[in-house]
Structures are given as structure tokens and as C-alpha cells.
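Participant: Take 7 as the starting number for the sequence shown in the working numbering and just add one per residue.
Cβ coordinates follow ideal geometry from the N, Cα and C atoms, glycine included.
For clarity, every value in this text was computed on a predicted model and none was experimentally measured.
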Amino acid sequence: MKPLLQTVAKPIIDTIAKQVVVPQKPESETLEILSKVNEFYDSSWNKLLYVLGSAFAILAIVVPIVIQYIQNKAIEASEKELETKSNLKIDQIKKDLEEELEKKLDSKILEFKKDLETKIKKIDANTNASAFHMQGNDCLQKENYKEAVRDYCSASTNYQVAGDLVNLKATLSGFLYCVELLNKSDITYLENIESLKLFEILDQIEKEDIGGAFLRDIRKIRAAIYKIINSEEKQEENID
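Structure below.
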């Protein structure tokens, strides 16, 4: 069974709907509406083009500025990084130079110190040699040949250290002259009492004799000492 409202209302509504007439607009009014619609779309399109053109114009100005700003920042960062690296490199170079200079300075100081010590040693040796040389000459004049050999021997070793070859030649000649006038007891006295190891001293002078300038003098002195020792021993054997 249908509801009462639907049964009663539907016929009434249908009747009213049939009696309502939708008015038809004239053609001129339709054209006017179409024209206004067309104008609206044209205006909208022009506005859109204007907006897009303005946007492109703004972008054409803004984008290069932004790009330039970014590039400047990148350049600044690159320059700062390069400056930092350069400063570090310069600092490292300075440090290396300072270390190298310090090493060279230390080396020069050490070299200067050694050179100074060598010069002082030579000066001291030359002073001692001159003193022994004068004593040897004095003993020779007094015919104290044993003491003269002692002084000439000491003078010779000191002249060698000092590098005074001229005076070394003179003391070796005095050494040879006096030693030939000694006997075995004198040699024993010099070696045991004066603690002069004559053969060792001669060996050392020969070892330091660059070029063999004094080799003949040294061999003559050594031969003279051997002769004294051997001749004394033969005399003792003959006595026995």
C-alpha cells in the first residue's frame, strides 16, 4: 500500500509542472551573453599572458642575480679555501726553512767549535813545543845529551800536533844528534824514569808523517837506538 502523501501529492505536482512554461530568451540576448563570455576569456587570456610575461621578466632579472650571487659565494669560498691552503703551505715552508736553518746553524756552530778547538790545541801544542825546543837546545849546549833527547822528543810530538813541519825537522835533527851520544843506560833511564817510549813516539810521528817527509830522519833515530841497545848487549856477552 502506497503512502498517503505520495498518493495525494504526486498528481498535484505533475499538474503544476505541466502548466509551467520556461520562457525562451531572444537571439540577440544570447549573442550578447556569448560576446561577454568571449570577452571574459580574452581578458583572462591577456591577463594570463601579462602575468606570465611579467613572471618571465622578473625571472630574467632575478635568476642572473641569484646565479651571480651563488657564483660569488662559491668564488669567495674557493678563495678562502685557497688562502687557507696557501697559509698552511707558507707556514710549513717557514717551519721547514727554520728547521733547515737551525740544522745548518748547529752544524756551523759545531764545525766552528771543532775548528776553534783544533786551533787552540795547535796553539797550545806549538807553545809547549817551543818551550821544549829551547830546553833541548840549552841541554845540547851544556852537553846534557840525555836531557836534550827528552826535550827534543817532547818538542817533536808537539810540533807534529801543531803542524809546524819546519821546527819538527829541526827537533828531529837534534834528537838524532843527541841520541847517537847516549848509551844503553841512558835509553833505559829515558824509557823507565822519564816514561818516554821512544819507539812508540817514533812510530806515531811516522804514522802522521804525510808524504813521508821525515821518514829518513825517523829511521836514522830508530837505527841509532837499536845500535846502542845491541852494542851494549854484545859487550855484556863478551864480558861474560
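1. How would you write the range of the alpha helix (DSSP H) that Asn189 sits in, first residue to last?
2. By a C-beta neighbour count over all protein chains shown, 10 Å radius and 16 as the cutoff for buried, is Ala229 buried or exposed?
3. Which residues in the same chain have their Cβ closer than 7 Å to the Cβ of Cys145, if we skip the five residues on either side of it in sequence?
4. If you run the structure through DSSP and keep just helix, strand and coil, what is Glu214?
5. With DSSP run on the structure shown, which of helix, strand or coil describes Asp170?
6. Since Tyr151 contacts Leu202 with CB under 8 Å, what's their CB separation in whole angstroms?
7. Using 10 angstroms around the beta-carbon of Ala80, count the other beta-carbons present and answer buried if the total reaches 16, otherwise exposed.
8. From Leu174 to Tyr165, what does the alpha carbon distance come to, in whole angstroms?
9. Rounded to the nearest angstrom, what separates Gly218 and Leu94 at their Cα positions?
10. Below 8 Å, can you find three or more Cβ-Cβ pairs linking the segment 107-115 to the segment 123-136?
11. By the 10 Å Cβ neighbour count, where 16 or more other Cβ atoms means buried, how is Asp223 classified, buried or exposed?
Facilitator: Concretely, from the data shown:
1. Careful: Asn189 lies outside any alpha helix (DSSP H) and carries neither H nor E.
2. exposed
3. Glu153, Ala154, Asp157
4. coil
5. coil
6. Their Cβ separation, rounded to whole angstroms, is 14 Å, which puts Tyr151 and Leu202 out of contact at 8 Å.
7. exposed
8. 5 Å
9. 60 Å
10. no
11. Asp223 should be labelled buried.
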